[in-house]
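Structure first, commentary second.
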Amino acid sequence: MHCVTNRRKENGYKIYENKDFIPYGFTYDHYISYEECDTYGKEYRANMMLKGILLNSEQIEKYSDILTDLSADYNVGGNNLNGVDIESEGYAKDCETLRKNSCRSFSRTKNGFTADINSKKENLLFFSVPFDSGWSATVNGQPVTIEKVNVGFMAVKIPSGDSTVE
117 MHCVTNRRKE
127 NGYKIYENKD
137 FIPYGFTYDH
147 YISYEECDTY
157 GKEYRANMML
167 KGILLNSEQI
177 EKYSDILTDL
187 SADYNVGGNN
197 LNGVDIESEG
207 YAKDCETLRK
217 NSCRSFSRTK
227 NGFTADINSK
237 KENLLFFSVP
247 FDSGWSATVN
257 GQPVTIEKVN
267 VGFMAVKIPS
277 GDSTVE
C-alpha cells in the first residue's frame, strides 16, 4: 500500500511520520459480506475493508438497517466497483475518510480501554483490537454485544450522539 510519510533527521535518528494512519476506533457507512469480499483478489481484500466493514450473514441481517451494502451502493459488477478505487492509490483517501468518523479519544486502562465518540447516526464502532471471547463492553454504562468483524477484530453498536465505550 502507498504510504505518504514525512522524513526528517533528529538527534542523529531518522524520524518517519505516517500521514495515512487509521485510528483505533472508527465507524463505517457500508458493509461487505465475506462472500462478496472473496470475489476480489487477495491483494484487494485489505483495501475493501477500508471501504466497508466485513460482516457475516447474521451480522448483515442484524445491522443492515444502519449500514449500506457496499456492493449495492456502488453497483458492483463482477470484480469491478465501477469507479470506486480499490487500488492502493485510494488508500490515503480512505484513511482520511475513516479518520473523520473516528473516536475523539482512545486510552488504555488496566483492564482494556476506553473510547469516546460523537456519531452522527447509530452505527457499528470498529476497533482495530483483536477479538477475544474474554472481552466485555459497555456503551454509556450499558452492557453491549461485541461483534467479531473484519476477520478477527471488534465492533460494538453505538447510538447517535456522544458515546463512551469501555
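Residue numbers 117 to 282, in this note's numbering, belong to the letters of the sequence shown in order. A virtual CB, placed ideally from N, CA and C, is assigned to each residue, including glycine.
May I have the straight-line CA-CA distance separating residue i from residue j, to the nearest angstrom?
| i | j | result |
| --- | --- | --- |
| Y132 | I262 | 34 Å |
| T184 | N217 | 16 Å |
| R220 | T230 | 11 Å |
| Y144 | N266 | 12 Å |
| T225 | F269 | 19 Å |
| G141 | N234 | 12 Å |
| N127 | N134 | 19 Å |
| V245 | A188 | 28 Å |
| N227 | K236 | 29 Å |
| C153 | K178 | 19 Å |
| L170 | Y129 | 39 Å |
| T280 | Y160 | 33 Å |
By Cβ distance, which residues of its chain are closer than 8 Å to residue i, with the 5 residues on each side in sequence left out?
| i | result |
| --- | --- |
| G194 | Residue confidence is low: G194 scores 45 on pLDDT, short of 50, so the model does not pin down where it sits. Its coordinate-derived value is still stated next. Closer than 8 Å at the Cβ level, and outside the excluded window around G194, lie T155. |
| N172 | S149, Y150 |
| G277 | N234, S235 |
Spatial neighbours of residue i within its chain, please: C-beta separation below 7 Å, excluding the five flanking residues on both sides.
| i | result |
| --- | --- |
| I176 | Y147, S149 |
| L186 | H146, Y147, I148, K167, G168 |
| D248 | none |
Using a Cβ-Cβ cutoff of less than 6 Å, which residues in the same chain neighbour residue i once the five nearest sequence positions on both sides are dropped?
| i | result |
| --- | --- |
| C211 | D136, I138 |
| E282 | T230, T254 |
| K303 | The requested residue 303 is not part of the displayed model; the chain covers only 117 to 282. |
| L214 | I138, F142 |
| F222 | Y140, G141, A231 |
| R124 | I131 |
Name, in chain order, the residues that DSSP records as bridge partners for residue i.
| i | result |
| --- | --- |
| T184 | H146 |
| K273 | L240 |
| K264 | M270 |
| Q175 | Answer is none; Q175 lacks a bridge partner. |
| T280 | D232 |
| L170 | I148 |
| T254 | P259 |
| S218 | F142 |
Between residue i and chain C, is there a C-beta pair that is closer than 8 Å?
| i | result |
| --- | --- |
| T280 | The structure shown contains no chain C; it holds only a single protein chain. |
Could you tell me whether the segment 263 to 277 touches the segment 237 to 251, using the rule of 3 or more Cβ pairs below 8 Å? Yes: at least three Cβ pairs fall under 8 Å.
Taking the runs of the beta strand (DSSP E) that are 3 residues or longer, which of them lie wholly in the segment 117 to 167? 121 to 126, 129 to 134, 141 to 143, 146 to 149
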